[in-house]
Structure formats: C-alpha cells, structure tokens
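Under our numbering, the first residue of the sequence shown carries the number -15, and numbering increases by one thereafter.
Even for Gly, the Cβ is constructed at its ideal location relative to N, Cα and C.
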Amino acid sequence: MATSRDDMQETKLTYRRFKDGDHTWRRLQEQIFEGDHSHKCPTYVHRTPPCQGSCPSGEDIRGWLQIVRGIEKPPAEMSMQEYAFRRSTDANPFPAIMGRVCPAPCEDGCNRNQVEDRVGINAVEQYIGDTALEQGFKFEAAGQDTGKKIAVIGGGPAGLAAAYQLRRKGHGVTVFEMRKELGGMMRYGIPGYRTPREVLDGEIKRIVDMGVEVKTGVRIGVDVTVEQLEKDYNAILWALGAQSGRPLPVPGAEAPNCLTGVDFLAAFNEGRLKLVSEKVVVVGGGDTSIDVASVARRLGHITEIAEKDRPENIVLGHTAHDVATSARRHGATVTLTSRSPIEKMPAAEHEREDAKREGVDIRGCLTPVEVVLDANGRATGLKMQQLEEDGKTPIEGTEFVIEADLVVSAIGQTGDMQGIEALDNGRGLMDADQHFQVPGKPGHFV
-15 MATSRDDMQE TKLTYRRFKD GDHTWRRLQE QIFEGDHSHK CPTYVHRTPP CQGSCPSGED
45 IRGWLQIVRG IEKPPAEMSM QEYAFRRSTD ANPFPAIMGR VCPAPCEDGC NRNQVEDRVG
105 INAVEQYIGD TALEQGFKFE AAGQDTGKKI AVIGGGPAGL AAAYQLRRKG HGVTVFEMRK
165 ELGGMMRYGI PGYRTPREVL DGEIKRIVDM GVEVKTGVRI GVDVTVEQLE KDYNAILWAL
225 GAQSGRPLPV PGAEAPNCLT GVDFLAAFNE GRLKLVSEKV VVVGGGDTSI DVASVARRLG
285 HITEIAEKDR PENIVLGHTA HDVATSARRH GATVTLTSRS PIEKMPAAEH EREDAKREGV
345 DIRGCLTPVE VVLDANGRAT GLKMQQLEED GKTPIEGTEF VIEADLVVSA IGQTGDMQGI
405 EALDNGRGLM DADQHFQVPG KPGHFV
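Here's what the structure looks like:
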C-alpha cells in the first residue's frame, strides 16, 4: 500500500538517499566500471597459477605448496606429508628426483619474483619426495583392468611416467629398455652425486610395484621386431629419449679424443671412467656440459697413462679404469665454453655457480672453429673465435687456441634409431601429429 501525501508530510525524514552532487550525471564509462550492478565489475577468476603454467608436467604446484604450508588440510586419516605426496605425484611420479635436478621453470614463472624472490619450489618438492621414500608411501593400486596391453619403448623418465599413468587407468604395461637398468638419462646421463641411486631406485620401484612388466637388455628392432610388438600389444608408445650426443661440426672433430657429453657421462655413471686427461675442454652451455665439466674436475688425471687407460678408450667401452690407477690422480684443468654470454647460458644460474666452485673455468661468447690435431691425428687443442654479445656474430681476427688433451662436445642430443630406421624422420627423431600419434602408423604414439 502506498504512503499517503499527508503521512509523508507528517513524517520527519532522517535518512538522505542522495548526497550533495549526486544529482549530476556521471560519465557512462564510470558507471559501468564502478557500479555494483554491471557484468563488467571486477570479480575473482580462477586461473592457472604462473608456476603451474610454467611447469612442463603441469603439476599442481600451488596445491601442494598450500598443503605443506598447512593452508589446505589433509583428510582425517592422512598425514600432511602423504597428502602432499598424493597431490604432487598426480602429474609427475618423481618428486625426489625432480626436486634435485629439475631446472625449475616454475621458479622463473613465480610471481614472487616481482616482489622479492621466488619461492623455493624445488626444495619443497624434494622434501615431499624424500619424506615419501622415508615413510614408504606407495602409489594406489592400478585401476580396473581394461584388458588392453601397451608396450612402452624406453625405460627413462618419459617411459616410466607413461607406464605409471597407464597403470592408473587399468591398462597392462610392458616397458622395454635396451640397457641393463631402468632410469634412462636419470641414471646414465646425470651424475650419481646429483641423483643418489637409492633415491632413483626407490622412485622407480614404486612404479614397477603397480604391476608394470619390465624387460631390460632388449633393443626393439634388433632383439624384438616392431611387427611382433604390433601383434602382441594394442598400442605402442615410443619413449626413446635422446641418447646420442652430437659431435662438434668443425674440422678435426673425428679425433679419437673428441667425445660427446652423453657418452662421457654414461661411462662415468656405469663406473668405468675414473679419470680424465690433464687439459679438458667442454663445449656447450647447458646442463649436460655443466655435469661433464664438474665430473672431469672431480675425477682428475694421472701424469703417466697407458694407451688402454686413455679416457676415450674407456668411454668407447674398450676397457675400464681400475681403482689402483685412479688412486694416483691429480687435478685436471677444465674449461667450459659457450656461444652465449655466461649470464645467458642455458644452464641454470645455480648450476653455473656450482661448477665454478668445483674449479671449472667458464668462458662465454666463444665458438669452436677447428680441432687442432697432432701428427697422430689426436686433438691437442681447440681453436676458438670470439662472438659478439648476441652469441651469433663472429668477431674477425679473434681466433685463439685452448690447449686440450680431451675435447667433449655437449651441444645437443638426438635419438638412437638403430633397428627402427623406418621411423626415423631424418633427424634422429620420430614425427607425431597433434594427437602424438606417428603419422600413418595407427596405434603408434611418441
């Protein structure tokens, strides 16, 4: 019922709806963006956190950070540590390894960089992984059996992570690995002092315990044909990794004492390589080159060495160093060169600083021109040329030679396609469509 005119006149109004000046019109734009009735009002939008968006694995980083901080509480029957482990391994089954060796693009993307410094995400992930191993956390049982059988070719981080996710969905999985042990580059490409073997073995065992069948020492295309796999399995996942190092693309690189970083680190991790030469030059700039240079510094050299004990003969698998020989080691002079300026090298800053503390001499803006050979065809030095700060433009007249008894190329890697040459796209890799399927090969994924 409407209020009468008389009642309105008799009532003493004590509330003013409008303030002075409210009778004037405001600009429509101001009303849209400041009014509380507009669909354009600022609202909370759930978006991917920058750390997670920078993570190639897509881990729920903010989620497990909040669990560790105590912001998100675990279920009543579960500890904080286990809850964080479950959340972390939903996307990546190797928290203890990733916490140690991941280059941490998540930390580069962390928005705390705009305030003071990034969150130590790697350290928290390592804590989650180490605690899980100490307390014996297992992965949940495999999902309901689908009756499908998948062959995973390659027992490295990609193949094992795929086996983990496939078992979670209930598929039968068999992993084929050409080496004696699982782990791929985690075992053979990264020095053991960075990835302790008990940690690596513990994280791999959790995956195998889900019911993954493992066949090591088997090279597909040599020991087992691709046609046989197609007959025995519903699908094939090629997770070969990049196991072959690229040699230096300069004259003289065919010298016997010019090696690749991948072969060098594999010989070290297998326990065969126990010393290097007196003067070592590593060409690269990424994490592999840092590992090679640091290992060379730790190994050292001996002044008198038999032909069979030369590093190149060890790396190529002809023999192995014995303990008595390595006991007489002296320090080695190790130089690491990169085309990029030192501060722009692909290797993480903390990796570079660690190498410097090991005694590695790091030089930036240099490119190899030629391997200097002696009369016997052995490398005695590496001719270098200085580059502009862009890391691309050579500076004329700046060539010089760095003396070297051992040259290691760590400039990139490619796949080992022996036995499966038909799948090689000409670059030591396999092609894949937008669904990660090999074109023209139904059921083959890569």
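| Check | Outcome |
| --- | --- |
| Contact check, residue 152 vs residue 85, beta carbons under 8 Å | no |
| Beta-bridge partners of residue 431, as assigned by DSSP | The first residue shown for the chain is -15 and the last is 430, placing residue 431 beyond what the model contains. |
| When 142, 334, 118 and 154 are compared against residue 129, the one with the closest alpha-carbon | 154 |
| Cβ contact (3+ pairs, closer than 8 Å) linking the segment 126 to 144 and the segment 192 to 208 | yes |
| Element boundaries [beta strand (DSSP E), containing residue 357] | 350 to 357 |
| Residue 363 - containing alpha helix (DSSP H), residue span | Not the alpha helix (DSSP H): residue 363 falls in the beta strand (DSSP E), residues 363 to 370. |
| Contact under 8 Å by Cβ, residue 440 with residue 264 | Absent from the model: residue 440. The displayed extent of the chain is -15 to 430, so no value can be given. |
| Limits of the unbroken beta strand (DSSP E) element including residue 386 | 384 to 387 |
| First and last residue of the uninterrupted alpha helix (DSSP H) at residue 299 | 295 to 299 |
| Neighbourhood of residue 183 by C-beta distance below 6 Å, restricted to the same chain and skipping five residues each side | 80 |
| Beta-carbon proximity check, residue 91 vs residue 105, cutoff 8 Å | yes |
| Residue 223 vs residue 143 beta-carbon contact at 8 Å | yes |
| Those residues which DSSP pairs with residue 156 across a bridge | 133 |
| For residue 228, three-class secondary structure by DSSP | strand |
| Length of the line joining the Cα atoms of residue 321 and residue 395 | 11 Å |
| Beta bridge counterpart(s) of residue 112 as assigned by DSSP | Answer is none; residue 112 lacks a bridge partner. |
| Counted within 10 angstroms of its Cβ, other Cβ atoms place residue 189 as buried (16 or more) or exposed | exposed |
| Which of helix, strand or coil DSSP assigns to residue 421 | strand |
| Beta-carbon proximity check, residue 355 vs residue 242, cutoff 8 Å | yes |
| Environment of residue 376 [buried if 16+ CB atoms lie within 10 Å] | exposed |
| Close-in-space but distant-in-sequence residues of the same chain around residue -1 (CB under 8 Å, 5 per side omitted) | At residue -1, the pLDDT of 44 sits below 50, so the modelled position is not reliable; the number obtained from the coordinates is stated separately. So no residue of the chain qualifies. |
| Residue 283 versus residue 244: straight-line alpha-carbon distance, rounded | 17 Å |
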